[in-house]
Amino acid sequence: LETANGQLQLENLAVALDEQSEQARLTNAELSVDAVGFDLNGREIRIGQVSLDKLDVAVARSANGEIDWLAPLATNNGETEGGGEASTGGQPFRWSVAGVALSGGRILWQDSQPATATEIAVEQLSASIGPLSHQLEEPVSYEITGSLASGGQLSLNGQLTPAPFTLEAAISGNGIALAAFEPYVQEGANLAITSGTLGVDGNLDLDGQQEPLTGTFSGTAEVAGLDLKLPDSSGSLVSWQTLRLAPIEYNVYPARLEIGTVTLAQPVINVVRNTDNIHNVERIAKASAASGQQEATADAQQGEDSEPGFIFRIGQLMLENGELAYTDRTLAPAFTTSFDELNGSVTGLSNISPQQGKVSIRGRVGGVADLDFEGTIGTLGTEDVSDLKLNMQELSLPALSPYFGRYLGYGVDSGKLNLNLDYEIAGSRIDASNLVVMDRLELGSAIASDQAVNAPVKLGLALLRDSKGVIEVDLPISGDLSDPDFSVGKVVMRAFVNLLAKAAASPFSMLGSIAELAGLSGEELGKVRFIPGSIQLAEGEAEKLAALADAMLERPDLLLNIRGNVQPQADGLALLREDLTAGGQRDVSEEEWQAAREAYLAGERSLAPEALSNLASSRGVTLRNVLQQTHGVPADQLFLLDPARNADVGSEGNVIVAFNLDVR
């Protein structure tokens, strides 16, 4: 049997997937086949051009992952396998098709497996395929174009070899609306796509002649006008004008991704810490996705010996006019600031050693402060050291008033903040130096806060503030970034609060850190020793007063309270001896002295009523005069308090007069 020049034409074809269904899953306005030839003895069929006009195919996936078109095909395959033994043997059947042309086609993908069912339609589908034949090792050329109903155009052209499988494809897509793919994004991330389009242009080559499949993609990609938000939020979370990747070089096996330049233009990120202490960005990852990622990581680690690792490189990342807005709603009032006008680059990122990237970004904080962020980045995913430095100048301190209110119990009325941060990160370990400089910090009104430090905050600040009104402190910290309870910001603030509390609790120790003490401890500045019964300073005390004066001059907001004091027994006995000897003019025998001493201690002999009071008062005046007249401490920093009679006596027998610090 042999035929030639046959023709076949079908119009208004409609196909359902089962007898009970009334809904057609495939329709075709016109199908025409020409130049059909058949040779039974030669076991060959030849087909000319196959033309399909307005082919419309709907493909659905159920919630359990079943494809509707595969169910009937699976049934037919089973029947064929059961009765196909009679067809074995003999000469292979030969076939050929001159070409296949499709115009005005449509493919509808209906997917019920995601939590939110979705439909994606490719319309105005045109294709040109062929020639093709039973010689599956021969390449088949193709060209396919179409438009997505949701927006965007796609085109592919190249050639495909069925067996062994190879594919060459020039891919072009532009204006592809990403919102249509939101249900798939939400399978792994809690995000809603408000807007955004994808463009891609490149060449894909796949080779399945040997296991595993190998291949490459070379090209460019761009995501424009992206706007993402959390599904239950009305505000934008992440947006940008354009994200462009060019060139992209991807290798399927062994897996390698290299991107020459990533350009991110006008990105805006809105980070919000809600009243439950959870940041909005923490809600992006879904629990199931995070669990799956951990399992995948574990599987990858187990397979490291048998599978080559993924190689990743980015030549440079260019940031253009970026902005990061931050809001903290755990505070009352809420704290809001922004990092804007962010421009710079990150170069040399890779997960393959040796690699050292560099970062250099500049911008502004709160619209007024200058920001400079730079440093080096070690090989990603390793223990290599990254050294990052951040410098910020002229931030208005009142902007931080909510945080001062929470931790110090006061708002901020005025002042400027400069930061110089130096962070060294190795793996998840961080060691940091935080140089904090506050100029002209003035506290505002008191704020009730159960988290505020229980310490005289104003005194602590006065101890830290120098003669120019500047507070400069270095707050070193260290910790593990993988610890969910570790927060750099919290640790720095806690270190500053602890420093204030320590300064206020031991003010003279703090003063001692800025004075030249010649071997004395800081606490020694808080007291001075007198020879009993006199206003004469003990040996070495004059140098101590000089050091104290220098410290007071360095801390002009401090006030020194001077309370003249006596020790009734030690000073009384000294005054008694002074009386007996007439100021050293006559000698007194030991017997006479012991008798007078015992009488005084027994209360049988007394001094002039004003003697001890006058001595205490004179000591206070003496100290004030030495500090003011000899060492130049301003009078408005020195206050004389009511004299007392409760002084201590040192191990050398000298009487100790203690100072007290206050703040303006």
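With my numbering applied, the sequence shown covers 1165 to 1828.
Beta carbons are placed, not taken as given, at the ideal position from N, Cα and C, and that holds for glycine.
These numbers come from a predicted model, not from an experiment.
Report all residues from its chain with a CB closer than 7 Å to the CB of residue i; omit the five preceding and five following residues, and keep chain order.
i	result
THR1439	ARG1493 and THR1494
GLY1736	TYR1764, LEU1771 and LEU1776
VAL1529	THR1501, PHE1503, LEU1535, MET1556 and LEU1559
TYR1417	PRO1376, LEU1377 and THR1378
THR1280	PRO1347 and GLN1350
ALA1710	HIS1795
In three-state DSSP terms, what is residue i?
i	result
GLU1183	coil
GLY1247	With a pLDDT of only 45 at GLY1247, under the threshold of 50, the placement of this residue in the model should not be trusted, and no figure is reported.
SER1305	strand
THR1167	strand
TYR1574	strand
TYR1348	helix
ARG1769	coil
TRP1404	strand
GLU1283	strand
VAL1435	strand
LYS1522	strand
PRO1411	strand
GLN1213	strand
ALA1188	coil
GLY1579	strand
PRO1807	strand
PHE1329	coil
GLU1774	coil
For residue i and residue j, which I take to be in contact (beta-carbon distance under 8 Å), what is that distance rounded to the nearest angstrom?
i	j	result
MET1602	LEU1627	The pair is not a contact, with the Cβ atoms about 13 Å apart (cut-off 8 Å).
LEU1190	VAL1221	5 Å
TYR1348	PRO1395	Their Cβ separation, rounded to whole angstroms, is 14 Å, which puts TYR1348 and PRO1395 out of contact at 8 Å.
LEU1664	LEU1625	7 Å
ALA1760	LEU1740	6 Å
Would residue i pass as a contact of residue j if the rule is Cβ separation under 8 Å?
i	j	result
ASP1630	GLU1718	yes
LEU1689	GLY1676	yes
VAL1264	GLY1294	yes
GLU1484	LEU1559	no
VAL1261	ILE1271	no
ASN1789	ASN1725	no
VAL1730	ALA1822	no
GLN1801	LEU1723	yes
ARG1225	ASP1182	no
VAL1637	LEU1605	no
GLY1268	GLN1288	yes
PRO1562	SER1578	yes
GLY1784	PRO1807	yes
ILE1423	ILE1475	no
GLY1796	ALA1713	yes
ILE1695	THR1786	no
HIS1361	ALA1344	It should be pointed out that residue 1361 corresponds to Thr in this sequence rather than to His. Cβ distance not < 8 Å, so THR1361 and ALA1344 don't count as in contact.
GLU1547	ALA1590	yes
VAL1549	GLU1487	no
ALA1180	GLN1187	yes
Count the other CB atoms within 10 Å of the CB of residue i; is the residue buried (16 or more) or exposed (fewer)?
i	result
GLY1542	buried
TYR1574	buried
ARG1693	buried
PHE1329	exposed
LYS1632	exposed
ARG1727	buried
VAL1752	exposed
LYS1654	exposed
PRO1671	buried
PHE1257	exposed
VAL1621	buried
GLY1817	exposed
THR1745	exposed
ASN1367	exposed
GLY1212	buried
LEU1392	buried
ASN1176	exposed
PRO1431	buried
GLY1467	In this predicted model, GLY1467 has a pLDDT of only 47, less than 50, meaning its place in the structure is not dependable; the value taken from the coordinates is given anyway. With fewer than 16 other Cβ atoms within 10 Å, it is exposed.
Residues in its own chain within less than 8 Å of residue i by CB, not counting five upstream and five downstream?
i	result
ASP1644	SER1592, ARG1593, ILE1594 and PHE1650
GLY1242	With a pLDDT of only 49 at GLY1242, under the threshold of 50, the placement of this residue in the model should not be trusted, and no figure is reported.
VAL1304	ILE1293, GLY1294, PRO1295, LEU1296, GLN1323, LEU1324, THR1325 and PRO1326
Cutting at 6 Å between CB atoms, please list the residues of its own chain near residue i, excluding the five before and the five after it.
i	result
GLY1322	GLU1332, ALA1333 and ALA1334
ASP1365	SER1336, GLY1383 and THR1384
VAL1436	ASN1444 and THR1491
VAL1661	TYR1571 and VAL1617
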